[in-house]
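Q: Below: one structure in structure tokens.
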Ligand code: PEP
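Residue numbers (the working numbering): 13 to 267.
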């Protein structure tokens, strides 16, 4: 586990919540979750709702915000796409790259993810790079190879710098199945070793690695107790303000 970074609780709203629902969420969430100086909370609303999120959290500087995906180029004739520089102009802090739904539905492969991470860093945003194996890959015994390839392709394309990672086993996303604390701990260690071996050197020790995959109020404490788990990326349970408030306020024990 990183000894320096504050635990990070991130909400990936996917294609849920337009601007109106975003404002309603912020109102309810703000009334049940007060700022905790010992942790970070980051939201990834749909792009169309980013400005509503930024506007409605102007009294809550503890609630950070990012974009779910960016295009791999700075600008150009790419109808429907958003560049990292544009995202930075709206006042965002973060950007996701390589979410498994992007990899599966939009063909974001490792090289494309690496290019997107480059643009995100160039624009001054902080990337959260998602990696994770499918069920078939896990059952075929290639977990380590898959995670190493995903991590190293990103690291090989840039000067090593501190990145935030999310280990998200594909079979646990939106399925209700969660990796056991043992599986999560083992996979996080593989990711950390891959960072070390992929040019990340001593940055591996301080790399922030989140766990994602059916995180909910009932399993957050056990997951956050796992050595090497520095926070969580939450999909479904982050859509409910009360549930996500419970997750974000979870006891952190002796970390
Ligand atoms: C995700 O979208 O990154 C995710 C982990 O979703 P869920 O929590 O719904 O499994």
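Think of the CB as a built atom: it goes at the ideal place given N, C-alpha and C, for glycine as much as any other residue.
This one's a predicted model, so the numbers in the text were calculated from it and none came from an experiment.
Could you tell me if residue 41 is buried or exposed, where buried requires 16 or more neighbouring beta carbons within 10 angstroms of its beta carbon?
A: Within the chain shown, the letter at position 29 stands for residue 41. With 16 or more other CB atoms across the displayed protein chains lying within 10 angstroms of its CB, residue 41 is buried.
Q: Would you kindly work out how many angstroms separate the C-alpha atoms of residue 139 and residue 59, rounded to a whole number?
A: As a working mapping, residue 139 is identified with position 127 in the chain shown. As a working mapping, residue 59 is identified with position 47 in the chain shown. Going from the Cα of residue 139 to the Cα of residue 59 covers about 16 Å.
Q: In whole angstroms, what separates the C-alpha of residue 167 from that of residue 95?
A: Indexing the chain shown from 1 puts residue 167 at position 155. Indexing the chain shown from 1 puts residue 95 at position 83. Roughly 21 Å between the two C-alpha positions.
Q: For the structure I just gave you, are there three or more beta carbon pairs, one from the region 147-163 and one from the region 75-83, closer than 8 Å?
A: no
Q: Thinking just about the alpha-carbon of each residue, which of 90, 247, 164 and 230 is nearest to the one in residue 182?
A: Stepping through the chain shown from its first residue, residue 182 is reached at position 170. That would be 247, whose Cα lies nearest to the Cα of residue 182.
Q: Classify residue 242: buried if its beta carbon has 16 or more other beta carbons within 10 angstroms, exposed otherwise.
A: The count along the chain shown starts at 1 and reaches residue 242 at position 230. That one is buried.
Q: Specify the secondary structure class of residue 22 as computed by DSSP and reduced to three states.
A: Residue 22 sits at position 10 when you count from the first residue of the chain shown. Strand, per DSSP.
Q: Please work out which residues of its chain come closer than 6 Å, Cβ to Cβ, to residue 176, disregarding the five sequence neighbours upstream and downstream, and give them in chain order.
A: Along the chain shown, one-based indexing puts residue 176 at 164. 140 and 220.
Q: Can you give the beta carbon distance from residue 114 to residue 120, rounded, assuming they're within the 8 Å contact cut?
A: Translated into the one-based positions of the chain shown, residue 114 becomes position 102. Translated into the one-based positions of the chain shown, residue 120 becomes position 108. Going by Cβ atoms, the distance from residue 114 to residue 120 rounds to 4 Å, so yes, they are a contact pair.
Q: Are residue 57 and residue 65 closer than 8 Å when you measure CB to CB?
A: For the purposes of this step, residue 57 is identified with residue 45 of the chain shown, where counting begins at 1. For the purposes of this step, residue 65 is identified with residue 53 of the chain shown, where counting begins at 1. Contact annotation: residue 57 and residue 65 have beta-carbon atoms nearer than 8 Å.
Q: Give a single yes or no on whether residue 185 has its beta carbon closer than 7 Å to a heavy atom of the ligand PEP.
A: Within the chain shown, residue 185 is the residue found at index 173, counting from 1. Yes.
Q: Compute the beta-carbon to beta-carbon distance between residue 53 and residue 21, rounded to the nearest angstrom, for a pair I have assumed lies under 8 Å.
A: The residue given as residue 53 occupies position 41 in the chain shown. The residue given as residue 21 occupies position 9 in the chain shown. Residue 53 to residue 21, Cβ: 5 Å. Contact.
Q: Let me make sure I understand the geometry here. Which of 122, 163, 174 and 133 has the alpha-carbon closest to that of residue 217?
A: Within the chain shown, numbered from 1, the residue matching residue 217 stands at position 205. If we check each option's Cα against that of residue 217, 174 comes out closest.
Q: If you reduce the DSSP assignment to three classes, tell me which class residue 159 lands in.
A: For the purposes of this step, residue 159 is taken as residue 147 along the chain shown, with counting starting at 1. Three-state result, residue 159: helix.
Q: Give the DSSP-derived three-state secondary structure of residue 31 in the structure shown.
A: On the chain shown, residue 31 is found 19 positions in, with the first residue counted as 1. Looking at residue 31 - three-state DSSP - the assignment turns out to be helix.
Q: So which of 159, 31 and 255 has the shortest CA-CA distance to residue 203?
A: Indexing the chain shown from 1 puts residue 203 at position 191. It is 159 whose Cα lies nearest to the Cα of residue 203.
Q: For the ligand PEP, any of its heavy atoms closer than 7 Å to the Cβ of residue 145?
A: Position 133 of the chain shown, counted from the first residue, corresponds to residue 145. No.
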